[in-house]
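Some notes on the structure that comes next.
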Amino acid sequence: MHYKSFLPVLLIVLLGGCQVKNQQQASDEANSRKPMPAIARGTEPFWLLHVVDTTTAVWERPDTGKDTLTIESYTHRGETWILRAQHATYRLQATFSPQTCSDGMSDLEYPLSVKVTIFDSRKNQVSQQYNGCGEYAQTTEK
Numbered sequence: 056m057h058y059k060s061f062l063p064v065l066l067i068v069l070l071g072g073c074q075v076k077n078q079q080q081a082s083d084e085a086n087s088r089k090p091m092p093a094i095a096r097g098t099e100p101f102w103l104l105h106v107v108d109t110t111t112a113v114w115e116r117p118d119t120g121k122d123t124l125t126i127e128s129y130t131h132r133g134e135t136w137i138l139r140a141q142h143a144t145y146r147l148q149a150t151f152s153p154q155t156c157s158d159g160m161s162d163l164e165y166p167l168s169v170k171v172t173i174f175d176s177r178k179n180q181v182s183q184q185y186n187g188c189g190e191y192a193q194t195t196e197k
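The sequence shown begins at 56 in this note's numbering and counts up one residue at a time.
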């Protein structure tokens, strides 16, 4: 008779352990889908965003040069990832969506569609928006 009173408690403990494992698996799967290292690029105007690792991104434009940014956060909605990074004079937000994309200048297709928004740090206003294509990088160059 005493064993029957412990059965509900044992069941709760076992199910609770499964939930923690499932949450960890979901977190691991989400981390494995982060767009890094990744390279995104666009044309008219030309631009390049290289997500080097979990802490560093490089933003490059021919007219402004190359800037190294500190990645502040990643968030995701389903398969779409939003990266937020900070530079001394601006903030950058990049949205990586799993959608086939063509750059319009070549016959190449990329697995990611990317939208980059630049915010002026002083005014906290959108100052520039860029659309382009992205892919997962094969190497991590700095």
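Ideal Cβ placement from N, Cα and C applies to all residues, glycine included.
Between residue i and residue j, how many whole angstroms is the CB-CB distance? I'm expecting something under 8 Å.
i, j, result
"A149", "L103", "Not quite, the Cβ-Cβ distance comes to about 12 Å (not below 8 Å), so this is no contact."
CB-CB under 7 Å to residue i, same chain, minus the five flanking residues each way: which ones, in chain order?
i, result
"P153", "E134, P166, L167"
"I141", "In the sequence under discussion, the amino acid at residue 141 is Gln, which differs from the Ile named in the question. Excluding positions up to five away in sequence, the list reads L124, T125, E127."
Would you mind reading off the limits of the beta strand (DSSP E) that contains residue i?
i, result
"S152", "145-152"
"H105", "102-106"
"T109", "Run containing T109: none; DSSP gives neither H nor E here."
According to DSSP, is residue i helix, strand or coil?
i, result
"R116", "strand"
"F174", "strand"
"A192", "coil"
"T98", "coil"
"E134", "coil"
Quick one: what's got a C-beta closer than 6 Å to residue i's C-beta in the same chain, skipping five residues either side?
i, result
"A95", "L104, V169, G187, G189"
"C156", "Y165, S168, C188"
Who are the near neighbours of residue i in its chain, counting only those whose CB is closer than 8 Å to its CB and skipping five residues on each side?
i, result
"Q184", "K170, V171, T172, I173"
"P92", "H105, V106, V107, D108, Y191, A192, T194, T195"
What residues match up with residue i in a beta bridge as DSSP calls it?
i, result
"D122", "W114"
"E164", "S157"
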